[in-house]
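Heads up: the sequence shown begins at 1 in this note's numbering, then just goes up one per residue. Glycine is no exception: its CB is placed at the ideal position from the N, C-alpha and C atoms. The structure under discussion appears below in the form of structure tokens.
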Amino acid sequence: MSAPGEIAAAMKLCLIVTLLGATAVVLANESKKEKLSSPGEFTIPYLAYLQSSPEPCVGSLISPEWILTAAHCPLPVKIRLGVFQPTIKNNKEQIRNYSLIVPHPEFNTHTLENDLMMIKLSEAVALNTYVGTIAIALEPLVLNDSCFIPTWRWNEYKNLSDPDILTWTSQYSLPSHECQGILSQRMTANIMCVGQPLSTLYAIKEVSAAPAVCAGRLHGILSWAKGSVTLGSEGFFTEVHPYARWILKIIKSH
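Set out below in structure tokens:
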């Protein structure tokens with residue numbers, strides 16, 4: 001049997017170890033919070049910032065060398081990936097130029113029909129926690145599926161300035177007859193509507209060509225909107241799945 005003094009010493013040692021362990025857990029959790037709260041540590045990996053004039057666009061990284069965006073976008077002067085806030089450079093960014101631009105051959109600048117464009121990067125990106133790809137949709141979207149729509153916006157818009165806020169929303173797709181009811185003209189083919197036909201109290205300036213990611217796949221590229229998509233207004237997206245063969249053919253042949 002242990003002496004009372006030995007028991008007391010053992011209990012004291014046990015208490016010290018327990019307190020040290022608890023302190024380590026708290027410090028680890030605090031360290032994790034600090035890392036997660038750092039703006040440069042948070043990105044949407046497949047989101048590309050297409051820096052261009054007069055205004056930028058959003059691109060979606062669908063392979064290490066290729067970005068899918070809208071054909072109505074101007075040519076980028078710089079392509080930045082791993083970006084949280086375009087106004088601030090961070091050491092997680094990867095910057096590329098383009099080596100090839102392939103707009104859809106039947107893109108209509110007036111109706112925005114077939115509003116898709118492929119951009120080949122000057123050099124493949126390195127995939128990591130901050131930069132990654134998104135799979136394109138190969139089948140139609142299931143009605144009423146929720147879609148995640150990220151983009152950047154300006155806190156205060158100025159010409160030729162970079163946006164300063166990463167923003168996003170989750171909205172449901174609308175049936176085609178509701179889409180058509182919103183429009184005054186005939187809806188073009190291969191368009192999907194996401195959001196709600198409502199009037200917001202105010203509008204915000206958003207970067208164009210935002211992706212609609214539904215069920216983990218890229219289903220749409222924003223062509224235009226009747227308001228601010230991230231505030232809930234309806235957006236009109238070019239569906240991706242009808243163009244899947246064209247997209248894959250471009251990647252394979254270049």
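How is residue i classed by DSSP in three states: helix, strand or coil?
i      : result
Cys73  : coil
Leu231 : helix
Ser146 : strand
Glu206 : strand
Ser176 : helix
Phe237 : strand
Met187 : coil
Pro103 : strand
Trp154 : coil
Ser52  : coil
Ala137 : coil
Leu166 : strand
Leu112 : coil
Ala225 : strand
Leu68  : strand
Val194 : strand
Thr23  : Unreliable placement is indicated for Thr23, whose pLDDT of 36 sits below 50; the coordinate value is still reported in the next sentence. Residue state, collapsed to three classes: helix.
Tyr130 : coil
Would you check if the distance between the CB atom of residue i and the CB atom of residue j is smaller than 8 Å?
i      : j      : result
Ala126 : Ser223 : no
Thr167 : Arg153 : yes
Leu138 : Ile247 : no
Lys78  : Leu100 : no
Val239 : Met187 : One detail in the question is off: residue 239 reads as Glu in this sequence, not Val. No, Cβ-Cβ distance for Glu239 and Met187 is not below 8 Å.
Ala203 : Gly227 : yes
Lys92  : Thr43  : yes
Arg96  : Ser122 : yes
His72  : Asp115 : yes
Cys57  : Ser253 : no
Between which two residues does the alpha helix (DSSP H) carrying residue i extend?
i      : result
Ile306 : Here the chain comprises residues numbered 1 to 254, so residue 306 is not present and cannot be evaluated.
Trp246 : Ala244 to Ser253
Note down, in chain order, each residue of its chain lying with its Cβ closer than 7 Å to the Cβ of residue i, except the 5 sequence neighbours on either side.
i      : result
Met251 : Before going further, note that residue 251 is Ile rather than Met in the sequence given. Excluding positions up to five away in sequence, the list reads Ser63 and Trp66.
Pro45  : Tyr130, Val131 and Gly132
Ile94  : Sequence check: residue 94 is Gln here, not Ile. Cβ neighbours of Gln94 beyond the five flanking positions: Leu81, Gly82, Val125, Ala126 and Val131.
Leu143 : Ser173 and Pro175
Pro242 : Asn190
Asn155 : Asp164 and Ile165
Pro105 : none
Going by beta carbon distance, what residues of the same chain come within less than 8 Å of residue i, once the five residues before and after it are set aside?
i      : result
Cys229 : Inspection of the sequence shows that residue 229 is occupied by Val rather than by Cys. These residues qualify, in order along the chain: Ile149, Thr151, Thr169, Gln171, Val194, Gly195, Glu206, Ala210, Leu222 and Gly235.
Cys147 : Leu141, Ser170, Gln171, Tyr172, Ser173, Val194, Ala212, Val213, Cys214, His219 and Gly220
Phe237 : Ile191, Met192, Cys193, Val194, Ala212, His219, Gly220, Ile221, Leu222 and Ser223
Tyr98  : Leu75, Pro76, Ile79, Ile119, Lys120, Leu121 and Ser122
Ala244 : Ile136, Ala137 and Leu138
Between which two residues does the beta strand (DSSP E) holding residue i run?
i      : result
Gly216 : No beta strand (DSSP E) holds Gly216; DSSP gives it neither H nor E.
Ile44  : Unbroken run through Ile44: none, as it is neither H nor E.
Lys92  : Careful: Lys92 lies outside any beta strand (DSSP E) and carries neither H nor E.
Val58  : Cys57 to Ser63
Lys120 : Met117 to Leu121
Leu81  : Lys78 to Leu81
With a CB to CB cut of under 6 Å and the five nearest residues on each side skipped, what residues in its chain are close to residue i?
i      : result
Arg102 : Note that residue 102 is Val in the sequence shown here, rather than Arg. Here the set comprises Met118 and Ile250.
Thr87  : Asp162 and Asp164
Glu113 : Thr188
Arg217 : Ala135 and Ala137
* Report yes or no: do three or more beta-carbon pairs, one from the stretch 53-67 and one from the stretch 118-137, lie closer than 8 Å? => Three or more beta-carbon pairs drawn from the stretch 53-67 and the stretch 118-137 are found closer than 8 Å, and the two stretches are therefore classed as touching.
* Evaluate the contact criterion for the stretch 71-89 versus the stretch 43-53: three or more CB pairs, one atom per stretch, below 8 Å. => Segments in contact, yes.
* Touching or not, the stretch 103-110 and the stretch 158-173, by the rule of three or more beta carbon pairs under 8 Å? -> Touching, no.
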